[in-house]
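Asker:
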Amino acid sequence: MAQMIPEYFRSGTRGETILFNTLKGLPDDYVVYREPIIRNRRPDFVIIGPDIGFVVLEVKDYSKSTLLAANQDEWVLQINGNIVKHISPLSQARKYAQEISNVLKKDSQLVVQEGPYQGNLRFPYGYGVVFTKLTQRDLVETGLYNIIPPELVLARDEVDPENDAYSEEHLLNRIQNMFPIRFPIREALTENDLKLIRYILFPEIRISAKQEEKPVIYEEQVLFSLRDVKVMDLYQENLAKALGDKHRLLRGVAGSGKTLVLACRAKYLAQCQPGWKILVLCYNISLATFIRQIIKDIDIETKDEIEVDNFHNWSYKNWGLRDDALIDEILQQIESGLIESKKYDAILIDEGQDFEPSWLKLVYHSLNPNTNSLLLVEDRAQQIYHRKSLSKEIGLSFQGRSKILNINYRNTLEIIVFAWDFYQHFSKGVKPALKDGAMEIIPPRSANRHGPLPVIKRFKNFVTEAKYIGEEIIRLHDDEGIGYEDIAILYRVKQFDTAYVDTLQKILRSKKIPHYWLAENNWSKRNFRRKEDGVKLSTVESAKGLEFKVVFICNVDNFPFTLVDDLQREVSLMYIALTRAVDYLYLTYSGNSLFTEYLDGLT
């Protein structure tokens, strides 16, 4: 069964729906995009497969009475009593295919480097037309087979399983041969090739890639070569592009790409629905800054800006609220009609587990009831504030519209196993996930990417501990080639019996290590740059939603913090800290606590 993006088809004619469902029967390694947005163009269907490259299908619901005249360039149609002229559907499909081809040719890995086909794509691509109301007999009787080559057209009886002439094998064979130019070599595209094609065509799903320093020049055109390409997997992409109304709940484990999916969906909505007012909210100031940067980095032009903010700043700007105790008063005024709330056509909430029901209710009053598009993203294992469970009284219902991301792509297997073992050891009553919006903990599954084991080190005092961290950062930078901006030092409190942050900064300065105190104040949280500013120093709370190649969790002996009588919160905080690390994880301490006793037992 082919992967359909989006997974469901909720609008269109009956013929288009039949075709959509029929294309699901293509091979498992095929991806079928319904009306994808590619460089501001929207072909009806684009099919990508390892043996076909890509095929563009233009779908038409023309009946015999609709079509008045046709040639290879222009068709005359009668629609709703009006006579209109349209470009030939085959010409339209050819134009889309050629434009996609030209985009893909910008990467040298997808282009033939020498020989008679130099400069062309090294894999085939095709295009064709599907008539959902015209049978093969109709195409003969109307003479359309004389205008469109038979191998480039599919009739109703070839795509409708209810027709006696339909054959899944025949349909596959027809699509695999929709190539106006015979391609001499059919070398199957690799998984990396397919990732690269998706990376180039869909900027919204990009995660990262490295560009070779020396581009290839062919016919005065500069061809770049991208390596180590990382894109959202097809399931993540589908969640981001599954447009629809009503409320949706996305629950995921740490490192599963929840924030990435949310950012992609926000940008995709802005692209699909020009003029929509879109709001992205979270609890954490620094996470709001990070999401804003992700959305800005997505290389898609949209007419309207997407508003990204943390809840309290948003509520202050809109309602002048400085105290949560006043939210109920504002809600009463809204519900009684004394004041009106600003309306958004779509609202997306990250780290939803940190939102109070009254916050959600205030947000819900700001949602346009005509679009009713709300996405709530959460992970209960990362809940560090005591929030009440959602209730139907708020007006939110996720029945049948809940999805789960349980594969951890961020952390190595060694890190996620370490983190989950820790969480299970200290957590009370960890339960498996339930369906349809139940707020339970989701155990993570790893993507099986391997790396070094977490490093656990005990020291005589914090100064010695801080010096080790500084020396190890220098080693990682000089020997492993890790940039300072990819390293973070997380701490529980900046000062208790020792001025921890002051000591760290003093040592970092002595070693000339550039650094940025992310959690210094609200200004520093709103203005940090994830890819710049050197080593980040942060509380665990301010690091929620962020990730770094290397994470040092220092002063572990202050976990759980003695002034906080809430072990579960401290466990969740440590779990968050552990799962910020992508490849390297260090835990250092010089005192004793419940958590250091656990770590001592592992060494």
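Numbering of the sequence shown is given in my numbering, commencing with residue 761 and proceeding in unit increments.
Where is the CB? At the ideal position from N, CA and C, for every residue including glycine.
On a predicted model such as this, the values are computed, not experimentally measured, just so you know.
1) Using a Cβ-Cβ cut-off of 6 Å (strictly less than) and excluding sequence neighbours within five positions of residue 970, which residues of its own chain qualify?
2) Where does residue 1063 sit, in a helix, a strand or coil, going by DSSP?
3) Taking three-plus beta-carbon pairs below 8 Å as touching, is the stretch 895 to 903 in contact with the stretch 839 to 853?
4) Below 8 Å, how does it come out for the stretch 1285 to 1297 and the stretch 1044 to 1055: are there three or more Cβ pairs, yes or no?
5) Does residue 1037 come out as helix, strand or coil in the three-state DSSP assignment?
6) Between the stretch 1338 to 1354 and the stretch 1307 to 1322, do at least 3 Cβ pairs fall closer than 8 Å?
7) In whole angstroms, what is the alpha-carbon distance linking residue 1165 and residue 1270?
8) Give the single residue among 1067, 1089, 1052 whose Cα lies nearest to the Cα of residue 1290.
9) Could you work out which residue in 954, 1017, 876, 823 is closest to residue 892 when comparing CA atoms only?
10) Taking Cβ positions, are residue 1161 and residue 1349 nearer each other than 9 Å?
11) Note the first and the last residue of the continuous beta strand (DSSP E) segment covering residue 764.
12) Tell me whether residue 1163 sits in a helix, a strand or coil according to DSSP, three-state version.
13) Would you please verify whether the beta carbon of residue 1350 is less than 9 Å from any beta carbon of chain B?
14) Distance, Cα to Cα, residue 997 vs residue 1135?
15) Grouping DSSP H, G and I as helix and E and B as strand, with all else coil, what is residue 1275?
16) Count the C-beta pairs between the stretch 1022 to 1041 and the stretch 1262 to 1282 that are closer than 8 Å, then say yes if the count reaches three, no if not.
17) With C-beta atoms as the reference, is residue 1354 less than 9 Å away from residue 1300?
18) Would you mind listing the alpha helix (DSSP H) stretches within the stretch 1167 to 1242 that are 4+ residues and don't spill past its ends, in chain order?
19) Smallest Cα separation from residue 826: which of 1230, 1102, 842?
20) Please report the distance separating the alpha-carbon of residue 1229 from that of residue 1297.
21) Give a yes or no on contact between the stretch 799 to 811 and the stretch 829 to 842, applying the rule of three or more CB pairs nearer than 8 Å.
22) Beta-carbon within less than 6 Å of residue 972's beta-carbon, same chain only, minus the 5 sequence neighbours each way: which residues are those?
23) Can you have a look at residue 775 and say buried or exposed, based on whether 16 or more other CB atoms are within 10 angstroms of its CB?
24) So, is residue 854 buried or exposed, given that buried needs 16 or more other C-beta atoms within 10 angstroms?
25) According to the neighbour-count rule (16 or more other Cβ atoms, all chains shown, within 10 Å of its Cβ), is residue 968 buried or exposed?
26) Nearest CA to the CA of residue 800: which residue from 1059, 1167, 1258?
27) Taking only runs of the alpha helix (DSSP H) that begin and end inside the stretch 944 to 1029, which ones reach a length of at least 4 residues, in chain order?
28) Please state whether the Cβ-Cβ distance between residue 1341 and residue 1214 is less than 9 Å.
29) What is the residue span of the alpha helix (DSSP H) that residue 777 lies within?
30) How would you write the range of the alpha helix (DSSP H) that residue 1301 sits in, first residue to last?
31) List in chain order: all unbroken alpha helix (DSSP H) runs of 4+ residues lying wholly within the stretch 1040 to 1098.
32) Exposed or buried, what is residue 1324 when buried is set at 16 or more other beta-carbons lying within 10 Å of its beta-carbon?
33) One question on the structure: do residue 881 and residue 871 come within less than 9 Å of each other, judged by their Cβ atoms?
34) Could you compute how far the alpha carbon of residue 1073 sits from the alpha carbon of residue 1179?
35) Does DSSP classify residue 1158 as helix, strand or coil?
36) From the DSSP output, which residues share a beta bridge with residue 867?
Answerer: Reading it off the structure:
1) 987, 988
2) coil
3) Below 8 Å, too few C-beta pairs join the stretch 895 to 903 and the stretch 839 to 853 to call them touching: fewer than three.
4) yes
5) Looking at residue 1037 - three-state DSSP - the assignment turns out to be coil, as it is neither helix nor strand.
6) yes
7) Spanning the two alpha carbons is a distance of roughly 43 Å.
8) Ranking the options by Cα distance to residue 1290, first place goes to 1052.
9) If you compare the alpha carbons of 954, 1017, 876, 823 with that of residue 892, the shortest gap goes to 823.
10) no
11) 763 to 765
12) Shown here, residue 1163 sits in a strand according to DSSP, grouped into three states.
13) Here there is only one protein chain, and chain B is not present.
14) Spanning the alpha carbons of residue 997 and residue 1135 requires a straight line of approximately 15 Å.
15) strand
16) no
17) no
18) 1173 to 1186, 1222 to 1239
19) 842
20) Taken atom to atom, the span from the alpha-carbon of residue 1229 to that of residue 1297 is near 12 Å.
21) no
22) Within the same chain, residue 972 has close Cβ partners 985.
23) buried
24) buried
25) Per the 10 Å Cβ criterion, exposed.
26) 1059
27) 951 to 961, 994 to 1001
28) yes
29) 774 to 783
30) Premise fails: residue 1301 is in no alpha helix (DSSP H) and is neither H nor E.
31) 1045 to 1057, 1071 to 1079, 1087 to 1095
32) exposed
33) yes
34) 32 Å
35) coil
36) 984
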